[in-house]
Every structure is written in C-alpha cells, then in structure tokens.
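First up is the structure itself, then whatever we jot down about it.
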Amino acid sequence: MNAASSIQAVMHNLFEFQKSGYLCDTVIIADDGQLKAHSSVLAAASPVFKSALKCDGVVKEHTLVLPGVKLYVAKAIIQIIYTGKATLQCSEYESVDRILRMYEELCISQVLDQSHRYWKFFFL
Numbered sequence: 656m657n658a659a660s661s662i663q664a665v666m667h668n669l670f671e672f673q674k675s676g677y678l679c680d681t682v683i684i685a686d687d688g689q690l691k692a693h694s695s696v697l698a699a700a701s702p703v704f705k706s707a708l709k710c711d712g713v714v715k716e717h718t719l720v721l722p723g724v725k726l727y728v729a730k731a732i733i734q735i736i737y738t739g740k741a742t743l744q745c746s747e748y749e750s751v752d753r754i755l756r757m758y759e760e761l762c763i764s765q766v767l768d769q770s771h772r773y774w775k776f777f778f779l
C-alpha cells in the first residue's frame, strides 16, 4: 500500500467515525441543525477552525456556531474536509457557490483547483 492510499484509508475511516459520532469532540451548529466532527481534523484543514478550537492541551468538547449556514451546507463542507468531495441533492445545486465561498472563507487547506472544482460535487 502506498502513502496516498494509506492516507485515503485513514480519512475514509475518520469520515465513517464522523458520520457515526465516534470519538467526535466538536459540535457544529448550523441554522437548522447540528453535526459532530473531530477537532483535530477541522484544525488541520482550516486555520480558521484551528484558531476557533484553540485549547490548552486538555481534551474537551468544542462548539462551533456557523450563523447563516444551513445544515446541508455545513455537512457538505465537512464531507469535503474528510473526503475531498461532497454529495448534494439536485435541489441543493444552487448552494454550490455558497459552499465554495464558505470553503474559501474558512481557508480550507485542501484548495480545489479552480478549473476542476465542480467535478468534486455529486448530485443525487
């Protein structure tokens, strides 16, 4: 197994953990709901999250409030952080621009190539 596939396997496992809430220590509150995530993954992906999640080395649960953000947008951002792609309902197509703006506002480190960023979204 090469390094890239090892990293993919680890991120896949972390995403499965995130979906089930296993070992999650951060609650993300959107306008219409909430979800859990791993603070270490969020901090590694975004300097904005890293700053918001500063701690003194003591493991504790964090809360991040994302005002003006719908839950499916927050879920898409989390899915991008963990997997590099997002799955949306066709009715959410108009939100791709909002998701990409939020992605940029959060300074996500997995910067999508400008010319190919839309192929990372899958519509059901």
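Numbering follows the working numbering, in which position 40 of the sequence shown is assigned residue number 695; successive positions increment by one, without gaps.
For glycine and all other residues, C-beta sits at the position ideal for the given N, C-alpha and C.
These numbers come from a predicted model, not from an experiment.
CB contact flag (residue i, residue j, <8 Å)
i, j, result
"ILE683", "LEU719", "yes"
"CYS679", "ALA692", "yes"
"VAL703", "ILE736", "no"
"THR738", "PHE672", "no"
"ILE763", "SER701", "yes"
Close Cβ partners of residue i (< 7 Å) along its chain, the five nearest in sequence each way excluded
i, result
"SER705", "The residue asked about is misnamed: residue 705 is Lys in this sequence, not Ser. Cβ within range, chain order: ALA698."
"SER694", "ASP680, THR681, LEU708 and HIS717"
Nearest to residue i (by Cα), restricted to the options the options
i, options, result
"LEU721", "GLN734, ASP686, LYS730 and SER694", "ASP686"
"GLN744", "VAL703, ALA731 and PHE672", "ALA731"
"ILE733", "ALA658, ARG756, ASP752 and LYS674", "LYS674"
"LYS725", "ALA741, THR742 and SER750", "SER750"
"ALA729", "ALA700, ASN657, TYR677 and GLY688", "GLY688"
"GLY723", "LEU690, ASN668, MET757 and ALA741", "MET757"
"LYS740", "GLN663, MET656, GLY676 and LEU690", "GLN663"
Own chain residues within Cβ distance below 8 Å of residue i, not counting five before or after
i, result
"GLU716", "ASP680, THR681 and VAL682"
"TYR727", "LEU743, GLN744, GLU747 and SER750"
One or two residues paired with residue i in a DSSP bridge
i, result
"HIS717", "THR681"
"GLY688", "ALA685"
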